[in-house]
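Chemist: Okay, here's the structure, questions in a sec.
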Amino acid sequence: MKKALIALTAIALTVMGLSGGGIAASAQSNHTLTVWLMTGEISTPVSNAVTAAFQKEYPGWTVNVEIQQWNGIATKLITALASTSPPDAMEIGNTDVAEFAASGGLENLSSVKSSLPNSSNWLKGLAGPAEFSGGLYAVPLLAGDRVVSYNKQMFKQAGITEPPNSLDELLTDGSALKASFSKVKNFSPLYLPGEYWYAGLPLIWAYGGQIAIKTGGKWVGELTSPGSLAGLKEWETIQNFLSVPASRDVNTNAPDQDTVLADGQAAMIVGGGWELGAITSTNKKLTGQLGTFVFPGPKAGTPSPVFIGGSDIGIANASPNKAEALAWVKLMTDAKYQIQMVKADGLMPNATSLLSVGKSLPNQADYYKAANLSDFTPPSPGWATVENDAVMETLFSQVAEGNQNVAVIAKSTDSRLDTLLNAQQ
Amino acid sequence: MTSTMAGTRGARQRRLTWLWRAVALAFVVLTLFPVYWMVNSSFEPNGQITSLKPSFFPVDFTFHNFVDATGRPYFLTDLRNSVIVVVSTVVLVLIVAFLAATAVTRFRLRGAKAFLVLVLVVQMVPTTALVIPLFLILDKARLLNSFQGLILTYVALTLPFTIWVLRGFVRGVPVDLEEAALVDGCTRVGAFRRILLPLVLPGLIATGVFSFITAWNDFLYADVIMQQQSHWTLPVWLFGFETNTLTDYGGLMASCTLFALPVVVFFLIVQRRLVSGLTAGAVKG
Amino acid sequence: MLNSARGRAEQTSSSAPPYRRRPHAWRRATRRQLLPFLLLLPALVLVGLVLGYPIGQVVATSFQQLGVFQLLSHHTVWNGLSNYRTLFSSSQFLDVLQQTLFFVVATVGLTMLIGTGVALLMGRLGKFLRTVVSVAMLLAWAMPNTAASIVWTWLFETQYGVVNYLLVTLGLRGFNNHDWFASSLSAYGVITAMIVWQAIPFVALTLYAGLTMVPRELFEAAAVDGASPWTIFRRISFPIVRPIFVLLTVLSVIWDSNVFNQVWFLTSGRAEVINVVPLGVWQYIEAFSSQQYGLGAAVAVVTVLLLLIVTGYYIRIMVRTGEVQT
Numbered sequence: 007m008k009k010a011l012i013a014l015t016a017i018a019l020t021v022m023g024l025s026g027g028g029i030a031a032s033a034q035s036n037h038t039l040t041v042w043l044m045t046g047e048i049s050t051p052v053s054n055a056v057t058a059a060f061q062k063e064y065p066g067w068t069v070n071v072e073i074q075q076w077n078g079i080a081t082k083l084i085t086a087l088a089s090t091s092p093p094d095a096m097e098i099g100n101t102d103v104a105e106f107a108a109s110g111g112l113e114n115l116s117s118v119k120s121s122l123p124n125s126s127n128w129l130k131g132l133a134g135p136a137e138f139s140g141g142l143y144a145v146p147l148l149a150g151d152r153v154v155s156y157n158k159q160m161f162k163q164a165g166i167t168e169p170p171n172s173l174d175e176l177l178t179d180g181s182a183l184k185a186s187f188s189k190v191k192n193f194s195p196l197y198l199p200g201e202y203w204y205a206g207l208p209l210i211w212a213y214g215g216q217i218a219i220k221t222g223g224k225w226v227g228e229l230t231s232p233g234s235l236a237g238l239k240e241w242e243t244i245q246n247f248l249s250v251p252a253s254r255d256v257n258t259n260a261p262d263q264d265t266v267l268a269d270g271q272a273a274m275i276v277g278g279g280w281e282l283g284a285i286t287s288t289n290k291k292l293t294g295q296l297g298t299f300v301f302p303g304p305k306a307g308t309p310s311p312v313f314i315g316g317s318d319i320g321i322a323n324a325s326p327n328k329a330e331a332l333a334w335v336k337l338m339t340d341a342k343y344q345i346q347m348v349k350a351d352g353l354m355p356n357a358t359s360l361l362s363v364g365k366s367l368p369n370q371a372d373y374y375k376a377a378n379l380s381d382f383t384p385p386s387p388g389w390a391t392v393e394n395d396a397v398m399e400t401l402f403s404q405v406a407e408g409n410q411n412v413a414v415i416a417k418s419t420d421s422r423l424d425t426l427l428n429a430q431q
Numbered sequence: 123m124t125s126t127m128a129g130t131r132g133a134r135q136r137r138l139t140w141l142w143r144a145v146a147l148a149f150v151v152l153t154l155f156p157v158y159w160m161v162n163s164s165f166e167p168n169g170q171i172t173s174l175k176p177s178f179f180p181v182d183f184t185f186h187n188f189v190d191a192t193g194r195p196y197f198l199t200d201l202r203n204s205v206i207v208v209v210s211t212v213v214l215v216l217i218v219a220f221l222a223a224t225a226v227t228r229f230r231l232r233g234a235k236a237f238l239v240l241v242l243v244v245q246m247v248p249t250t251a252l253v254i255p256l257f258l259i260l261d262k263a264r265l266l267n268s269f270q271g272l273i274l275t276y277v278a279l280t281l282p283f284t285i286w287v288l289r290g291f292v293r294g295v296p297v298d299l300e301e302a303a304l305v306d307g308c309t310r311v312g313a314f315r316r317i318l319l320p321l322v323l324p325g326l327i328a329t330g331v332f333s334f335i336t337a338w339n340d341f342l343y344a345d346v347i348m349q350q351q352s353h354w355t356l357p358v359w360l361f362g363f364e365t366n367t368l369t370d371y372g373g374l375m376a377s378c379t380l381f382a383l384p385v386v387v388f389f390l391i392v393q394r395r396l397v398s399g400l401t402a403g404a405v406k407g
Numbered sequence: 087m088l089n090s091a092r093g094r095a096e097q098t099s100s101s102a103p104p105y106r107r108r109p110h111a112w113r114r115a116t117r118r119q120l121l122p123f124l125l126l127l128p129a130l131v132l133v134g135l136v137l138g139y140p141i142g143q144v145v146a147t148s149f150q151q152l153g154v155f156q157l158l159s160h161h162t163v164w165n166g167l168s169n170y171r172t173l174f175s176s177s178q179f180l181d182v183l184q185q186t187l188f189f190v191v192a193t194v195g196l197t198m199l200i201g202t203g204v205a206l207l208m209g210r211l212g213k214f215l216r217t218v219v220s221v222a223m224l225l226a227w228a229m230p231n232t233a234a235s236i237v238w239t240w241l242f243e244t245q246y247g248v249v250n251y252l253l254v255t256l257g258l259r260g261f262n263n264h265d266w267f268a269s270s271l272s273a274y275g276v277i278t279a280m281i282v283w284q285a286i287p288f289v290a291l292t293l294y295a296g297l298t299m300v301p302r303e304l305f306e307a308a309a310v311d312g313a314s315p316w317t318i319f320r321r322i323s324f325p326i327v328r329p330i331f332v333l334l335t336v337l338s339v340i341w342d343s344n345v346f347n348q349v350w351f352l353t354s355g356r357a358e359v360i361n362v363v364p365l366g367v368w369q370y371i372e373a374f375s376s377q378q379y380g381l382g383a384a385v386a387v388v389t390v391l392l393l394l395i396v397t398g399y400y401i402r403i404m405v406r407t408g409e410v411q412t
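Chains as they are written, first to last, in the working numbering: chain G, 7 to 431; chain A, 123 to 407; chain D, 87 to 412.
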């Protein structure tokens, strides 16, 4: 026992002394570039290709691509930027970018903007948040959006020959589905979780509303405007009619909405291209049976503007390798590697001029179609707090639950937004 | 008269014994239910895990989740890192805390009380508030991204309660035993090592397990201090199953099941010593 | 017989040999202090060096406005008591305190009650069953937080959760699609259950370890005297483990007051909506979700002060050499 203890102590101290854990990468440039990318997005083959091209321009340089977890990423990025040796380039979610743009931790790229590939037609949802006070602090990197996925067999059974073209048609189709599947317990024609604000925002935009508008340098909540209120009311109607009551105060994970569709408890869900694979692997019988259509709007033929999600990539101000980092970023956002990324990883590119690649990807056509009409969240540094505090989830689920007047909910959310979006960073 | 009394008491004892066993079993079932659910899910394919009808038994039993999990990049590396960091932490904490506990208990050390109170106050500070200042000081000391930095952090964070609990156990051991050793010519420190240490072993085990689990399960500090995937500990690696878009529940549950195993093994090895040598099984059994 | 237990405990409190007057007494005194000081030194150094600066920073930061911008541009902006004023003028503050109080009483109370019960139970079981119980508790304790939170969410899911499923199968139809997180009370119930579930193991195992230090002769003598198990516990076992019991209670109060992760995860971010806002959640909403580290530091300072007020009496007692008074 005693001997074991001594041995263990010796081992522990030796490990501490000799551990190869080593010291942090030196802030002095030693021809190593560190790039942080987020997990589950750009795959290694793609980033390796970019690195290979980079090394042709900068021979003798090593590129370390470190994959980061989403959990706690904001703290991770903030501490990294505050340290003496931050990573040189970092991928940042587009809804978080504004906060970092305003922080002073990222390099201002406005002087080189014109030399960045496709900078004239970047997707607004990605570029908007990267701009702050006239400067450009990050480069759009990749995008994603959501459309309606539906069970083709169920539509056939309900006698629906074509996907709905307008919100009214959507409701009519819903009735048909309800009638057809009245025997199925807890059936939702369109399973629409009440907290699913990515699906709710398009309705606000479709009716001409907006979350918040910047007037005279100050952000003002716009949810009580006629357009926004109309959109919110439509959300309540659609959610309540097409989705089971138990779904009003949950998000897409509890239960997992892909499973709801896969198990035949719903005929439609709103989701991203990445969810199709999950659905068919859960229920093999649905392979080839899933169709998509863009979420319709109030006017026939005009869809609701879609919410563009995605990431930008920024360069740390304290990095000693800013020029090299910029070169790597230029390559990653170059048309050639953007297309490679699209084909390999199922992501969407960062510019409207590149959206044409969607034509070569038939089962992704609707995602690209939707991207043509998009909008984005207020590019305010305070938006990160809005997300951290789940303000949007609360707004849409409260409207769906209908315990209060829509106008009342909108007003209280507006005052919340007024505070948060204008908060001093 | 004594025989009948003994007879009825015997019968009552037997009924009580069965009662205790029943209670124990009920407790075990309730305690283990979430764990059983985790293990159950790790043997099911993803579709069945999130299935709308709860499945109590893996109908589509599969090892796929385990294969997938262990095959993911950096699994073994990060597992190794976790083991190194946590074992070092536990060993250091127990040694330092034991020394400190004897210092404040077996001597009239000036400032001992202040030290104890300060250390307890340290425990009261919410760990979330400490992350950024701790990060900055490690950065200045060039200990970021290193095992040493993380080990020092875990040791500092688990020392407070370990010292206090060990203090309680040291106080429970009568001084006579050490004083007898002193009379026999032993040094003070020798007495601590030979007499006191074995007798507070139960306390060391309880706090050892606690430090182990605390360090083993930490995400916050490991995530912020370690900058490279090859330096991650397992909890950070675990979040790879949750991307921005999807969560691979099967892989996650399988990894978590594997992750909990070393703790169980460690405990099974030491749990026999949870009983004090002082009274050599005073409590029945 | 029953008094000797107390006697033994009191004996351990006077642990140092008596002080004797000698010439150069001060030098002897210093030398006498040297060994214990050296023994204490590693702990002092580790806690002091590693945590001293961060804690000092927290206090200093509580008087600053520290957001991401100030942090990254290394600007120090002092704003006096402004952070504290913001906190105390918050309309939520009193409600948060009240919620935390009830929550901590519930979690700590249940943990100590059940934990003690299990510790006693373990003493009455055979070796095999005792090992089973300790391993079961260990598994619950060691279950990674990620998995635990996810599984508990699944168990109490509204539409397809196992708990609702089991309850409905048992005939309680009302639990079909029962939303456990619809009301503050119900949500707190589930959260308390989860916290207590993971907190019992440490208390039970430590108390059991402490109970094994009770001398066998005391039990045997009491049994001969015909004492009931309850009397044995009350007058023999408990007085001996009372110091550890009090310590575990204080530690549990400290830990449970700061709980955040489980609450936030189980309520899937709806904590504010259903008004489940204990101290840890409030700290997040007020400060960390908006990256206001100055405010966060102020909450931390207030938390420590509050905990000191609540546990101060017991800390004083624990620290004074001598056992806890009845």
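No residue lacks a Cβ here, since even glycine has one placed at the ideal position from N, Cα and C.
(1) Closer than 8 Å, Cβ to Cβ, to anything on chain D: give me those residues from the segment 259-291 of chain A, in chain order.
(2) Which residue comes first and which comes last in the beta strand (DSSP E) that contains V226 of chain G?
(3) Name the one or two DSSP bridge partners that L148 of chain G has.
(4) Under the three-state reduction of DSSP, which class applies to A31 of chain G: helix, strand or coil?
(5) Answer with buried or exposed for Q430 of chain G, where buried requires no fewer than 16 other C-beta atoms within 10 angstroms of its C-beta.
(6) Tell me whether A234 of chain D, by its Cβ, gets closer than 6 Å to a heavy atom of the ligand FMN.
(7) Are S194 of chain G and A272 of chain G closer than 7 Å when you measure CB to CB?
(8) Which residue comes first and which comes last in the alpha helix (DSSP H) that contains Q185 of chain D?
(9) Within the same chain, show all residues whose beta-carbon is closer than 8 Å to that of I217 of chain A, passing over the 5 residues directly before and after it, in chain order.
(10) Measure the C-alpha to C-alpha separation of D269 of chain G and D262 of chain G and round it to an integer number of angstroms.
(11) Based on the DSSP output, what are the partners of N157 of chain G in its beta bridges?
(12) So is Y399 of chain D in contact with chain C if we call contact Cβ pairs under 7 Å?
(13) Chain A beta carbons: is any one of them nearer than 7 Å to that of S380 of chain G?
(14) Compare the C-beta of I79 of chain G against all C-beta atoms of chain D and say whether one is closer than 7 Å.
(15) Use the C-beta contact count for I395 of chain D: other C-beta atoms within 10 angstroms, 16 or more gives buried, fewer gives exposed.
(16) Go through its chain and collect everything with a Cβ distance to I330 of chain D's Cβ below 8 Å, but skip five positions before and after it.
(17) Is there a Cβ from chain D that is less than 7 Å from the Cβ of D94 of chain G?
(18) So what does DSSP say about M229 of chain D, is it helix, strand or coil?
(19) When DSSP labels each residue in this structure, what does P324 of chain A get in the three-state scheme?
(20) How big is the Cα-Cα spacing for T57 of chain G and A136 of chain G?
(21) Can you check whether the CB of P302 of chain G is closer than 7 Å to the CB of P311 of chain G?
(22) Using Cβ-Cβ distances below 8 Å, what residues of the segment 240-255 of chain A are close to chain G?
(23) In terms of alpha-carbon separation, which member of A:L201, A:T192, A:V208, A:F229 lies closest to R310 of chain A?
(24) Let me know the secondary structure DSSP gives S220 of chain D once reduced to three states.
(25) The segment 218-232 of chain A: which residues have C-beta closer than 8 Å to a C-beta of chain D, in chain order?
(26) Can E301 of chain A and I317 of chain A be called in contact, C-beta distance under 7 Å?
(27) In the DSSP assignment, what are the bridge partners of T40 of chain G?
(28) Using a Cβ-Cβ cut-off of 6 Å (strictly less than) and excluding sequence neighbours within five positions of T184 of chain A, which residues of its own chain qualify?
(29) Take T153 of chain A as the anchor and find which of D:F188, D:A228, D:F374, D:D181 has the nearest alpha-carbon.
(30) Where DSSP assigns a beta bridge to P302 of chain G, which residues make up the other side?
(31) Report back the beta-carbon spacing between G169 of chain A and T288 of chain G to the nearest angstrom; my notes put them in contact at under 8 Å.
(32) According to the neighbour-count rule (16 or more other Cβ atoms, all chains shown, within 10 Å of its Cβ), is A91 of chain D buried or exposed?
(33) Verify whether the separation of the beta carbon atoms of I159 of chain D and G110 of chain G is less than 7 Å.
Modeler: Looking at the atomic coordinates:
(1) I259, L274, T275, V277, A278, L279, L281, P282, F283, I285, W286, V287, G290, F291
(2) 224-227
(3) G:S317
(4) Low local confidence applies: a pLDDT of 42 at A31 of chain G is under 50, so the model's placement there is unreliable, with the coordinate-based value given in what follows. The answer is coil: DSSP assigns A31 of chain G none of H, G, I, E or B.
(5) exposed
(6) As presented, the structure is devoid of all ligands, the ligand FMN included, so that no description of it is given.
(7) yes
(8) 179-209
(9) none
(10) 11 Å
(11) G:L296
(12) Of the protein chains in the structure, G, A and D, none is chain C.
(13) no
(14) no
(15) exposed
(16) T292, L293, G296
(17) no
(18) coil
(19) helix
(20) 24 Å
(21) no
(22) V253, I254
(23) A:F229
(24) helix
(25) V218, A219, L221, A222, T224, A225, V226, T227, R228, F229, R230, L231, R232
(26) no
(27) G:N70
(28) P167
(29) D:A228
(30) G:P309
(31) 3 Å
(32) Confidence is the limiting factor: at A91 of chain D the pLDDT is only 35, short of 50, which leaves the residue's position unreliable and the question unanswerable from this model.
(33) Rather than Ile, the amino acid found at residue 159 of chain D in this sequence is Ser. Yes, the Cβ-Cβ distance between S159 of chain D and G110 of chain G is below 7 Å.
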